[in-house]
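Asks: Taking full-length UniProt numbering, the leading residue of the sequence shown gets 1, the next gets one more, and so forth.
Using N, Cα and C, we set each Cβ at its ideal position, and we do this for glycine too.
Take a look at this one; I'll ask things after.
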Amino acid sequence: MIKLKTPVNKETFKLALSECIKKAWVWDTKNNFEYAVNLYKSQQLTFDVGAMLEDQEEFDESAVAIDLFEAYANVDKMPPSEAQEFLSAWNQAWENEEGFDIDSFKGEPIEDGLAFGHKVQEYFDMLNIFENKTYQTNFKTLNLSDLNFANSLDVTQKALLDDKVKYIYEAAFSYNNEMLKTKCDVIKIKPNKHVEIYEAKTTSKVKKEHFFDIVYQAYILEKLGFIVDNIFIVHVNGNYVRGWDYNKIPNNKSFGDFAKLVHSSLPPIKYDEIKEMVNSDFVVSSDNELSDLDLQALVFIDELTWGTKSTRKTLFEDYKTFKSTFDLDVVFSTISNFLSIDSNSEEALEMLSNLTCQVKIEKSRSGIFNYAGGNETYNSCFHAMKWFDKYTPGFWNITKLAKKNKSYIINNSKSPYFKDYETLSDHSIPLNKKQVSFLETNQKALRMFEVYKAQKEHPNDINKWKIIDPNSIDLIKNILKTYSHTPIYMYDFETSKWAIPRFNKTNSYYQVPFQYSIDVIINDKFDYNDSTTMPHYDFLSNEVNVDPRPKFIENFIKDSFKHGPGVYVAYNESFEKGVLRKLALLYPEFAKPLLYIVEHTIDLMDFFCGSDKNNRPYFLIYHPNFLGSYSIKKTQPSLDANFSYNDLVINKGDKASETFRNFVDKRIPIDAWNISIKEGMLKYCNRDTLAMVVILKRIKELMGNIYE
1 MIKLKTPVNK ETFKLALSEC IKKAWVWDTK NNFEYAVNLY KSQQLTFDVG AMLEDQEEFD
61 ESAVAIDLFE AYANVDKMPP SEAQEFLSAW NQAWENEEGF DIDSFKGEPI EDGLAFGHKV
121 QEYFDMLNIF ENKTYQTNFK TLNLSDLNFA NSLDVTQKAL LDDKVKYIYE AAFSYNNEML
181 KTKCDVIKIK PNKHVEIYEA KTTSKVKKEH FFDIVYQAYI LEKLGFIVDN IFIVHVNGNY
241 VRGWDYNKIP NNKSFGDFAK LVHSSLPPIK YDEIKEMVNS DFVVSSDNEL SDLDLQALVF
301 IDELTWGTKS TRKTLFEDYK TFKSTFDLDV VFSTISNFLS IDSNSEEALE MLSNLTCQVK
361 IEKSRSGIFN YAGGNETYNS CFHAMKWFDK YTPGFWNITK LAKKNKSYII NNSKSPYFKD
421 YETLSDHSIP LNKKQVSFLE TNQKALRMFE VYKAQKEHPN DINKWKIIDP NSIDLIKNIL
481 KTYSHTPIYM YDFETSKWAI PRFNKTNSYY QVPFQYSIDV IINDKFDYND STTMPHYDFL
541 SNEVNVDPRP KFIENFIKDS FKHGPGVYVA YNESFEKGVL RKLALLYPEF AKPLLYIVEH
601 TIDLMDFFCG SDKNNRPYFL IYHPNFLGSY SIKKTQPSLD ANFSYNDLVI NKGDKASETF
661 RNFVDKRIPI DAWNISIKEG MLKYCNRDTL AMVVILKRIK ELMGNIYE
């Protein structure tokens, strides 16, 4: 039996091996976390260890990702009700027997995880029935989901003695006086202590951390004398579309990619083709009956390891390679030694100040596992760094520069801030491992530095800050020409998503549009401070347990042509276009007007976000307060500080999404929705499109100032 100084829970083990032991140590206990927060507040260390509370798989143009570490450090600045809600969820998360799961801190992932877990259990119940019928056996399943760890541990031991039990859900195992303990989502019991482990994940693919999750489980079972025959990740099939012929989607394409492919195969749509429809009083019919879930299609049992290569190894092959490379007893002892460091000791600060991500393990393209640390000129740890202010313009804010490169520059240069340099060619700024500058040819860094330097030289004259890129005047003028034709429909969507397809014609995590806002610019006299100068239209689904898309389509198409065909403007067009393309694919009778809008949509974010494909530089418009971001939550307030979201109850995209999801799922009383929530939802979405109008107006004013 290995000697461990302190318990190693599964979540900590995963963090240590997939990311960094320092991050794992911080999240291992409340005391450690609060110690790290105090180091941050006392300006000794800066941390980047928090989970992002926004879902960044699909960029939400209305959101600024909130670092969970930062959120806790500044909880006293939250409104009382929001702080209470945050701390309640926070304290509950620390009670997880397998460790604080930072990816499940938000309500939606927890609900989705439970829902998918139940579907996985149903799947194996069906599989067991099928196997019994096929092989004339009489095996049974056992579900321990409702038991706490201690009771589950006891029942698991008894169940293992029952030769009729084939599948156990949430079986519990412990080793080394509960220094190591785990629950298995599904374990298949075979003769002579042979087992197979199935870990359920509410994702559409296997990830690196999933591998270490299942390594932890397999290690404990093998220490207990079991023989692990195979390991699997059970995840959702992202291309299964409920109640729709999803088999038409090619295996190498996602649902969204397929919708885009279908659109690209069609000829451009002319307004004359849709004129009659958009001006008629058409109705979009709804599916009256929800199709049954096809569990065999939804649940995907994946034996392959993480990655995209079709020739990649299986999880079990990777596990055997991993065990042959590392002595797992030593790995666990090493992690335990780090975790035993007391937060009140000097050793804690010394450990957190180390410049490498110790213990982290990487896998090469050839499938070889090795420790990531030791190459300090490249793998400089960004999880804990010498203190600097992230909100003072500097290297940390440089857009799309890898964090490991940012931390290396910060750790090895004279200052993390732009204000202390005359040029980004300064000899104190380190080179990369090829002895090439990180920054001298980095257009984003040079543009940001240019603006900050101009602000430093002319602090009281904003017109000299080079907010408008002086080298891109003609390009900006050409982009502005696309806004010269009216009407201009500024539009924005709010969406909700579920891991288990909630409605017909949806797949897992389908972005279900439930709300839109449209502000229409009909001439150049528009004024965002005067609502009478711009027609406004909006829609918010107001029915529980009902698919909002039919009414959404019906109203959106009609409102989008109220003033005739025009220019359509989104902020981060890929999101809205993706939503519309899927609607066109799923509701083909309304495809043409939806795709007409797609084909005539331009992106307001083009002024800020560059494109190598289109040879467009980043930050044609840049204000120092952007801090390297092109989220509308940064760009709009920076261009006009008098216009903000601070007065709104619903003031973030994720909050709107979660609120609507709770309403549809009947967790919000209809009276509460109508009296206090609905108005806040409308105000939030409406504020987004008005913010877009603010940005366009300010850009035109800034361009006008150049010629005055």
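Do we get a CB-CB distance below 7 Å when we pair Lys-363 with the residues of chain D?
Replies: Annotation note: the requested chain D is absent from the structure, which comprises a single protein chain.
Asks: Just confirm the distance between the C-beta atoms of residue 709 and Lys-633, as a whole number of angstroms; I'd bet it's less than 8 Å.
Replies: Residue 709 is absent from the model: the chain starts at 1 and stops at 708.
Asks: Starting from the Cα of Thr-506, find the closest Cα among Ser-291, Lys-30, Leu-153, Asp-154 and give me that residue.
Replies: In the sequence shown, counting from the first residue as 1, residue 506 sits at position 506. That would be Ser-291, whose Cα lies nearest to the Cα of Thr-506.
Asks: Since Leu-325 is in the alpha helix (DSSP H), which residue starts that stretch and which ends it?
Replies: Translated into positions along the sequence shown, residue 325 becomes position 325. Residue identity differs from the one stated: residue 325 is Thr in this sequence, not Leu. Here the alpha helix (DSSP H) through Thr-325 covers 315 to 325.
Asks: May I ask you to verify whether the segment 521 to 529 touches the segment 257 to 269, counting CB pairs closer than 8 Å and requiring at least 3?
Replies: no
Asks: Is the segment 85 to 94 touching the segment 472 to 489, taking contact as three or more C-beta pairs under 8 Å?
Replies: no
Asks: For Glu-131, tell me which candidate among Thr-29, Asn-545, Ile-249, Lys-166 has the shortest Cα-Cα distance.
Replies: Along the sequence shown, one-based indexing puts residue 131 at 131. Minimum Cα distance to Glu-131 is reached at Lys-166.
Asks: Check each candidate in Thr-441, Glu-350, Tyr-618, Lys-683 and name the one with the smallest Cα separation from Tyr-516.
Replies: Counted from its first residue, the sequence shown places residue 516 at position 516. If we check each option's Cα against that of Tyr-516, Lys-683 comes out closest.
Asks: Pull up the distance between the alpha-carbon of Asp-257 and that of Val-26, whole angstroms please.
Replies: What you label residue 257 is simply residue 257 of the sequence shown in a count that begins at 1. What you label residue 26 is simply residue 26 of the sequence shown in a count that begins at 1. Looking at the two C-alpha atoms, the distance is approximately 39 Å.
Asks: Kindly indicate which residue of Glu-19, Thr-12, Ile-2 has the alpha-carbon position closest to the one of Lys-403.
Replies: Within the sequence shown, the letter at position 403 stands for residue 403. Comparing Cα positions, the closest option is Glu-19.
Asks: When you compare the CB positions of Phe-607 and Ser-496, do they come within less than 7 Å of one another, or not?
Replies: Taking the first residue of the sequence shown as 1, we reach residue 607 at position 607. Taking the first residue of the sequence shown as 1, we reach residue 496 at position 496. Against a cut-off of 7 Å, the Cβ pair of Ser-496 and Phe-607 comes out as no contact.
Asks: Near Asp-112, which residues of its chain fall below 6 Å by C-beta distance, leaving aside the five closest residues on each side in sequence?
Replies: For the purposes of this step, residue 112 is identified with residue 112 of the sequence shown, where counting begins at 1. Excluding residues within five positions, the ones whose Cβ falls inside 6 Å are Thr-202, Ala-499.
Asks: Taking only the alpha-carbon atoms, compute the straight-line gap between Asp-420 and Asn-38 and give it to the nearest angstrom.
Replies: Here residue 420 refers to the residue found at position 420 when the sequence shown is read from its first residue. Here residue 38 refers to the residue found at position 38 when the sequence shown is read from its first residue. About 27 Å.
Asks: Per DSSP, what kind of secondary structure is Gln-56 in: helix, strand or coil?
Replies: Counting from 1 along the sequence shown, the entry for residue 56 is found at position 56. Only weak support exists for where Gln-56 lies, its pLDDT of 33 falling under 50; the coordinates are left without a value.
Asks: Would you tell me roughly how many angstroms separate the C-alpha atoms of Trp-387 and Leu-45, rounded to the nearest one?
Replies: Counting from 1 along the sequence shown, the entry for residue 387 is found at position 387. Counting from 1 along the sequence shown, the entry for residue 45 is found at position 45. Taking the straight line from one Cα to the other gives about 4 Å.
Asks: In terms of residue numbering, what span does the beta strand (DSSP E) encompassing residue 755 cover?
Replies: The structure shown does not extend to residue 755, since the chain is modelled only from 1 to 708, so the question has no answer here.
Asks: Kindly list the residues whose CB is nearer than 7 Å to the CB of Gly-578, restricted to its own chain and excluding five residues on each side of it in sequence; keep chain order.
Replies: Counting from 1 along the sequence shown, the entry for residue 578 is found at position 578. Gly-256.
Asks: Give me the DSSP bridge partner(s) of His-235.
Replies: In the sequence shown, the residue the question calls residue 235 occupies position 235. Note: His-235 sits in a beta bridge opposite Lys-201, Phe-300.
Asks: Helix, strand or coil: how does DSSP classify Met-126 here?
Replies: The residue you call residue 126 lines up with position 126 of the sequence shown. Met-126: helix per DSSP, three-state reduction.
Asks: Hey, Leu-702 and Ile-467 are a contact pair by Cβ (cut 8 Å); roughly how many whole angstroms apart?
Replies: For the purposes of this step, residue 702 is identified with residue 702 of the sequence shown, where counting begins at 1. For the purposes of this step, residue 467 is identified with residue 467 of the sequence shown, where counting begins at 1. The Cβ separation is near 6 Å, so the contact holds.
Asks: Measure the alpha-carbon distance for Gln-157 versus Leu-224 and round it to whole angstroms.
Replies: On the sequence shown, position 157 is the one that residue 157 refers to. On the sequence shown, position 224 is the one that residue 224 refers to. Between Gln-157 and Leu-224, the C-alpha separation is close to 12 Å.
Asks: Tell me the DSSP secondary structure of Glu-362 in three-state form.
Replies: The count along the sequence shown starts at 1 and reaches residue 362 at position 362. Note: Glu-362 maps to strand in three-state DSSP.
Asks: I'd like to check one pair, Ile-301 with Leu-595: are the Cβ atoms closer than 7 Å?
Replies: For the purposes of this step, residue 595 is identified with residue 595 of the sequence shown, where counting begins at 1. For the purposes of this step, residue 301 is identified with residue 301 of the sequence shown, where counting begins at 1. Between Leu-595 and Ile-301, the C-beta spacing is not below 7 Å.
Asks: Check whether the segment 662 to 671 and the segment 600 to 619 are in contact - that is, three or more C-beta pairs closer than 8 Å.
Replies: The segment 662 to 671, when compared against the segment 600 to 619, does not touch it at the 8 Å Cβ threshold.
Asks: If you drop the 5 nearest sequence neighbours on each side, which residues of the same chain put their C-beta closer than 6 Å to that of Thr-377?
Replies: Translated into the one-based positions of the sequence shown, residue 377 becomes position 377. Any reading at Thr-377 needs caution, since the residue's pLDDT is 47, under 50, leaving its predicted position unreliable; the model's value is listed next. Around Thr-377: Lys-433.
Asks: What are the boundary residues of the alpha helix (DSSP H) that includes Thr-182?
Replies: Position 182 of the sequence shown, counted from the start, is the residue given in the question as residue 182. Here Thr-182 belongs to no alpha helix (DSSP H); instead the beta strand (DSSP E) covers 180 to 189.
Asks: Classify Tyr-167 as helix, strand or coil using the three-state DSSP reduction.
Replies: Position 167 of the sequence shown, counted from the first residue, corresponds to residue 167. Tyr-167 falls in the strand class under three-state DSSP.
Asks: Between the C-alpha atoms of Phe-514 and Asn-247, what's the straight-line distance to the nearest angstrom?
Replies: Walking along the sequence shown from the start, residue 514 turns up at place 514. Walking along the sequence shown from the start, residue 247 turns up at place 247. One C-alpha to the other measures close to 27 Å.
Asks: Nearest-angstrom Cα distance between Ser-333 and Phe-13?
Replies: Here the question's residue 333 lines up with position 333 in the sequence shown. Here the question's residue 13 lines up with position 13 in the sequence shown. About 11 Å.
Asks: Just to confirm, is the Cβ distance from Ile-231 to Ile-220 under 7 Å?
Replies: Taking the first residue of the sequence shown as 1, we reach residue 231 at position 231. Taking the first residue of the sequence shown as 1, we reach residue 220 at position 220. Their beta carbons are not under 7 Å apart, which means Ile-231 does not touch Ile-220 by this criterion.
Asks: By the DSSP assignment, the beta strand (DSSP E) with Val-328 in it spans what residues?
Replies: As a working note, residue 328 is residue 328 in the sequence shown. Sequence inspection shows Leu at residue 328; the Val mentioned does not correspond to that position. Taken as a continuous stretch (DSSP letters only), Leu-328 belongs to no beta strand (DSSP E), being part of the alpha helix (DSSP H) at 328 to 339.
Asks: For the alpha helix (DSSP H) containing Phe-33, name the first residue and the last one.
Replies: Indexing the sequence shown from 1 puts residue 33 at position 33. First-last of the alpha helix (DSSP H) with Phe-33: 30 to 41.
Asks: Per DSSP, Asn-370 forms a beta bridge with which residues?
Replies: Taking the first residue of the sequence shown as 1, we reach residue 370 at position 370. Answer is Glu-362, bridged to Asn-370.
Asks: Rounded to whole angstroms, how far is the Cβ of Asn-337 from the Cβ of Lys-5, which I believe are closer than 8 Å?
Replies: On the sequence shown, position 337 is the one that residue 337 refers to. On the sequence shown, position 5 is the one that residue 5 refers to. Their Cβ separation, rounded to whole angstroms, is 6 Å, which keeps Asn-337 and Lys-5 in contact under 8 Å.
Asks: Report yes or no: do the segment 542 to 554 and the segment 578 to 593 share at least 3 C-beta pairs separated by less than 8 Å?
Replies: yes
Asks: Considering only residues of the same chain and omitting the five flanking positions on each side of Lys-464, which have a CB-CB separation below 8 Å?
Replies: Position 464 of the sequence shown, counting from 1, holds the residue named residue 464. Closer than 8 Å at the Cβ level, and outside the excluded window around Lys-464, lie Ala-454, Glu-457, His-458.
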